[in-house]
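*Asks:* My structure is below; once you've seen it, I'll send some questions.
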Amino acid sequence: MKNGAVIRLDEVSKGFGSQLVLNRISMDVPRGRTTVIVGGSGQGKSVTLKLILGLMTPDSGRVLVDGEDITRMKKRDLDRVRSRFGVLFQGAALLDSLSVFDNVALPLQERTSLGRDEIRDRVMATLEQLGLTGHENKFPAQLSGGMKKRVGLARALQLEPEIMLFDEPTTGLDPEKTMEIYRLFSETRERFGYTAVIVSHDIPKVFNLADQVVVLNHGRVWSFASPEELQLSDDPEIVGFVRSTMGTIYRSGGVE
Ligand SMILES: Nc1ncnc2c1ncn2[C@@H]1O[C@H](COP(=O)(O)OP(=O)(O)O)[C@@H](O)[C@H]1O
Ligand SMILES: [Mg+2]
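When the letters of the sequence shown are read in order and numbered with numbering that gives the first Met the number 0, they come out as residues 0 to 255.
Here is the structure:
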């Protein structure tokens, strides 16, 4: 696909009842890079991720993954495409009755035919990479918020996803822990090489990771090749967005 886009939304519309959430939006997600999706509450960020995963179907338009339109796929083909994705959503969705080890091992037990020893080796290796060694026998209730997110990430990485989708992954974390998680995402992305799509309102923190920034507002979409381009935009809606989320200090010239 053009520009090595691994995901493309082509003129996608999605509404609920009389409410039109996405109005013929188009966007590309470049392969191997980090795309950050920002926008106010209720602007369709989570809906966009669900469309990409095929968990929702657009009213019109196409969602292409490696050139294949997933909106018209049979379940079996959709499952094949979905197996390339890893997801980390707000709550990290750990199973409370399972230990850290078992939570992380679960995708390998359910989705692969690997033996016990190999599963153990893989899980322990990921836990070590994410700084969780020594915590494998704890249960989610015994973990801090930041550690739960790490465990969620460890689990999502078990099946070696090509594309990771994050929906407000730092919800509930203080600013320091938020930075720590973003540093970890950055290291993890480099190590594993996946394409990342991160929905976040941690502006400007999350921009440290962003290659591309996508803004959703009132059903429309703007894509910027870098956070700097977003800040330099003279589109009035974007200027307003930048001002309200980042303050004038981030504008070139810094005029009040
Ligand atoms: N399954 C659904 N049924 C009805 N309305 C929905 C559904 N999912 C999302 N919406 C509505 O679509 C809009 C965008 O939702 P969402 O993508 O979750 O926003 P956000 O940008 O905060 O993630 C919201 O107004 C929400 O209420
Ligand atoms: Mg959301």
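Positions of the beta carbon are idealized from the N, C-alpha and C atoms, including for glycine.
Owing to the predicted nature of the structure, the values given are computational and were not obtained by experimental measurement.
With distances taken between CB atoms, is the gap from serine 143 to lysine 176 smaller than 9 Å?
*Replies:* Walking along the sequence shown from the start, residue 143 turns up at place 144. Walking along the sequence shown from the start, residue 176 turns up at place 177. Taking 9 Å as the Cβ cut-off, serine 143 and lysine 176 qualify as a contacting pair.
*Asks:* Measuring only the C-alpha atoms, how far is methionine 245 from valine 35?
*Replies:* Here residue 245 refers to the residue found at position 246 when the sequence shown is read from its first residue. Here residue 35 refers to the residue found at position 36 when the sequence shown is read from its first residue. Looking at the two C-alpha atoms, the distance is approximately 15 Å.
*Asks:* If you measure between the beta carbons of glutamate 135 and methionine 123, is that distance less than 9 Å?
*Replies:* Within the sequence shown, numbered from 1, the residue matching residue 135 stands at position 136. Within the sequence shown, numbered from 1, the residue matching residue 123 stands at position 124. Going by C-beta atoms, glutamate 135 is nearer than 9 Å to methionine 123.
*Asks:* Report buried or exposed for serine 199, applying the criterion of at least 16 other Cβ atoms within 10 angstroms of its Cβ.
*Replies:* Taking the first residue of the sequence shown as 1, we reach residue 199 at position 200. A buried status is given to serine 199, since no fewer than 16 other beta-carbon atoms sit within 10 Å of its beta-carbon.
*Asks:* Is serine 40 near ligand 3, going by C-beta to nearest heavy atom under 8 Å?
*Replies:* With respect to ligand 3, the structure offers nothing, as its ligand set consists of ligand 1 and ligand 2.
*Asks:* Any chance the region 181 to 193 sits against the region 17 to 30, with 3 or more Cβ pairs inside 8 Å?
*Replies:* no
*Asks:* Quick check on lysine 204: does DSSP put it in helix, strand or coil?
*Replies:* Stepping through the sequence shown from its first residue, residue 204 is reached at position 205. The answer is helix: DSSP assigns lysine 204 an H, G or I state.
*Asks:* Could you give the C-beta distance for leucine 183 and leucine 129, rounded to a whole number, given that I count them as a contact under 8 Å?
*Replies:* Start at 1 with the first residue of the sequence shown, and residue 183 comes out as number 184. Start at 1 with the first residue of the sequence shown, and residue 129 comes out as number 130. Distance from leucine 183 to leucine 129 at the Cβ level is roughly 7 Å; contact confirmed, criterion being Cβ atoms closer than 8 Å.
*Asks:* Ignoring anything shorter than 3 residues or poking outside the region 166 to 223, list the beta strand (DSSP E) runs there in chain order.
*Replies:* 194 to 198, 211 to 216 and 219 to 223
*Asks:* What does the alpha-carbon distance come out to for the pair lysine 73 and glutamate 67?
*Replies:* For the purposes of this step, residue 73 is taken as residue 74 along the sequence shown, with counting starting at 1. For the purposes of this step, residue 67 is taken as residue 68 along the sequence shown, with counting starting at 1. Those two C-alpha atoms are separated by around 12 Å.
*Asks:* Which term fits threonine 132, buried or exposed, when burial requires 16 or more other beta carbons within 10 angstroms of its beta carbon?
*Replies:* Position 133 of the sequence shown holds residue 132. Answer is exposed; the Cβ neighbour count stays below 16.
*Asks:* Is any heavy atom of ligand 1 found at a distance shorter than 8 Å from the C-beta of aspartate 166?
*Replies:* Taking the sequence shown and counting its residues from 1, the one referred to as residue 166 is at position 167. For ligand 1, at least one heavy atom lies less than 8 Å from the Cβ of aspartate 166.
*Asks:* Please go through the same chain and pick out, in chain order, the residues whose beta-carbon is closer than 7 Å to the beta-carbon of arginine 110, but skip the five residues on each side of it.
*Replies:* Translated into positions along the sequence shown, residue 110 becomes position 111. Correct list, in chain order: Leu158.
*Asks:* With a CB to CB cut of under 7 Å and the five nearest residues on each side skipped, what residues in its chain are close to valine 205?
*Replies:* Within the sequence shown, the letter at position 206 stands for residue 205. Contacts found: Val35, Tyr181, Ile197 and Ser199.
*Asks:* In whole angstroms, what is the alpha-carbon distance linking aspartate 78 and serine 185?
*Replies:* One-based indexing of the sequence shown puts residue 78 at position 79. One-based indexing of the sequence shown puts residue 185 at position 186. Cα to Cα, the separation comes out at about 28 Å.
*Asks:* Cβ of serine 96 versus every heavy atom of ligand 2: is any distance shorter than 8 Å?
*Replies:* Within the sequence shown, numbered from 1, the residue matching residue 96 stands at position 97. A distance criterion of 8 Å places the beta-carbon of serine 96 beyond contact range of ligand 2, judged by its closest non-hydrogen atom.
*Asks:* Proline 57 to aspartate 116, Cα distance in whole Å?
*Replies:* For the purposes of this step, residue 57 is taken as residue 58 along the sequence shown, with counting starting at 1. For the purposes of this step, residue 116 is taken as residue 117 along the sequence shown, with counting starting at 1. Roughly 43 Å between the two C-alpha positions.
*Asks:* Residue ranges of each beta strand (DSSP E) run of no fewer than 3 residues wholly in the region 114 to 171, ordered along the chain?
*Replies:* Entirely contained in the region 114 to 171, the beta strand (DSSP E) runs reaching 3 residues are, in chain order, 162 to 166.
*Asks:* Taking the alpha helix (DSSP H) that proline 29 falls in, what are its first and last residues?
*Replies:* In the sequence shown, counting from the first residue as 1, residue 29 sits at position 30. No alpha helix (DSSP H) contains proline 29, which is instead part of the beta strand (DSSP E) from 18 to 29.
*Asks:* On the CB-based measure, 16 or more other CB atoms within 10 Å of its CB, does alanine 140 come out buried or exposed?
*Replies:* Sequence index remark: in the sequence shown, residue 140 carries index 141 (1-based). Alanine 140 is exposed by the Cβ-count criterion.
*Asks:* For phenylalanine 15, which of helix, strand or coil comes out of DSSP?
*Replies:* By 1-based counting over the sequence shown, the position of residue 15 is 16. Here phenylalanine 15 carries a strand assignment [DSSP, helix/strand/coil].
*Asks:* Is the Cβ-Cβ distance between phenylalanine 84 and proline 160 less than 9 Å?
*Replies:* Counting from one through the sequence shown, the residue named residue 84 turns up at place 85. Counting from one through the sequence shown, the residue named residue 160 turns up at place 161. Yes, they are a contact pair.
*Asks:* Between arginine 75 and serine 243, what straight-line distance do the alpha-carbon atoms span, to the nearest angstrom?
*Replies:* The count along the sequence shown starts at 1 and reaches residue 75 at position 76. The count along the sequence shown starts at 1 and reaches residue 243 at position 244. Our two residues, arginine 75 and serine 243, have alpha carbons roughly 44 Å apart in a direct line.
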